[in-house]
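Beneath this line is the structure, given in structure tokens, with notes to follow.
Numbering (my numbering), first residue to last: 1259 to 1545.
Set out below in structure tokens:
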């Protein structure tokens, strides 16, 4: 397939961002006892997730940790630095963590952090274009399962994707469950949350990206597509796939060939397979 070029330089003119951040005031959350807190959206638990938060610039309000884990080589220096920066460190028993995390697999540590601060769309695009000549950005169309979104983020960051775009409505945002499943990947991975996903896709096109949507009904198979250049990969929801409006915004719809009796894959698995093929082609070109 021969693709007409989309010039980044020709379309680099400044535009008003269409993805205002949902957390622009930067206010620090006052700590509340777990049983009185409104949900657990800012609670992160598990060793990898908490370590990633401590190693990042994320504001951490409070940490609950067992005595044994607190004095390990991995945690001790980071906890000292966090305490010096104003973070409250609570040394607690496992039972307290069980209650705090509602029986989740906390691995001996939990942290209350400031809510995730979403990126502006134009900022995400600009950074992606400066990092590489062939950036890949994932667009999630209506992913409602936080485990799926967290798995997508973990895979995308590991593969070298430059960012994720999600809609504000009818889709999960960056919650504590997403952070846990992402296993620290969010601390090095930008996410933009936009009001209008189709407008965001058009903005990517103006910036030189070619947009490919995953659709089981497409006659074009994943491995037959030329994935050179800047790529936007759109993945649909677990139940409905891509919306009709999103489909119309895509340059191409591609299918992952399935030869077994299972008719479909979940969103995170399909994303992982599609990303591997995209980067496989780009790696071959660069070597």
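Note that beta-carbon positions come from the ideal geometry of N, C-alpha and C, so glycine has one too.
Being a predicted model, the structure only gives us computed values, none of them experimental.
Beta-carbon contacts of residue i that lie in its chain and below 6 angstroms, excluding the five residues immediately before and after
i: residue 1346; result: 1320
i: residue 1477; result: none
i: residue 1292; result: The pLDDT assigned to residue 1292 is 37, lower than 50, so where the model puts this residue is not dependable, and the model offers no usable value.
i: residue 1459; result: 1469, 1507
Burial state of residue i, where buried means 16 or more other Cβ atoms lie within 10 Å
i: residue 1353; result: exposed
i: residue 1415; result: buried
i: residue 1438; result: buried
i: residue 1388; result: exposed
Residues near residue i by beta carbon distance below 7 angstroms, same chain, minus five either side
i: residue 1543; result: 1486
i: residue 1441; result: 1306, 1307, 1412
Candidates the options: closest to residue i by CA position
i: residue 1253; options: 1438, 1498, 1509; result: The chain is shown from 1259 up to 1545; residue 1253 falls before or after that span and cannot be answered.
i: residue 1395; options: 1406, 1420, 1409, 1374; result: 1420
i: residue 1517; options: 1536, 1429, 1509, 1474; result: 1474
i: residue 1454; options: 1408, 1501, 1325, 1435; result: 1501
i: residue 1490; options: 1465, 1514, 1481, 1496; result: 1465
i: residue 1330; options: 1317, 1460, 1435, 1305; result: 1305
i: residue 1425; options: 1359, 1407, 1389, 1472; result: 1407
i: residue 1468; options: 1536, 1316, 1301, 1333; result: 1536
Residue i - DSSP class collapsed to helix/strand/coil
i: residue 1488; result: coil
i: residue 1520; result: coil
i: residue 1528; result: helix
i: residue 1540; result: helix
i: residue 1362; result: coil
i: residue 1335; result: helix
i: residue 1317; result: coil
i: residue 1348; result: strand
i: residue 1392; result: coil
Bounding residues of the alpha helix (DSSP H) (the contiguous stretch that carries residue i)
i: residue 1435; result: 1434-1440
i: residue 1483; result: Looking at the DSSP string, residue 1483 is not in any alpha helix (DSSP H), and its letter there is neither H nor E.
i: residue 1328; result: 1325-1328
i: residue 1227; result: A query on residue 1227 cannot be resolved here, the shown segment of the chain reaching from 1259 to 1545 and no further.
i: residue 1475; result: Careful: residue 1475 lies outside any alpha helix (DSSP H) and carries neither H nor E.
Start and end residues, beta strand (DSSP E) containing residue i
i: residue 1413; result: First-last for residue 1413: 1404-1417, but that is the alpha helix (DSSP H), not the beta strand (DSSP E).
i: residue 1510; result: 1510-1512
i: residue 1444; result: Here residue 1444 belongs to no beta strand (DSSP E), and DSSP marks it neither H nor E.
Contact test: residue i Cβ vs the ligand SAM heavy atom, cutoff 6 angstroms
i: residue 1410; result: For the structure depicted, the ligand SAM is absent and the ligand set is empty, with no information on it obtainable.
8 angstroms CB neighbourhood of residue i in its chain, flanking five on each side removed
i: residue 1479; result: 1512, 1513, 1514, 1515
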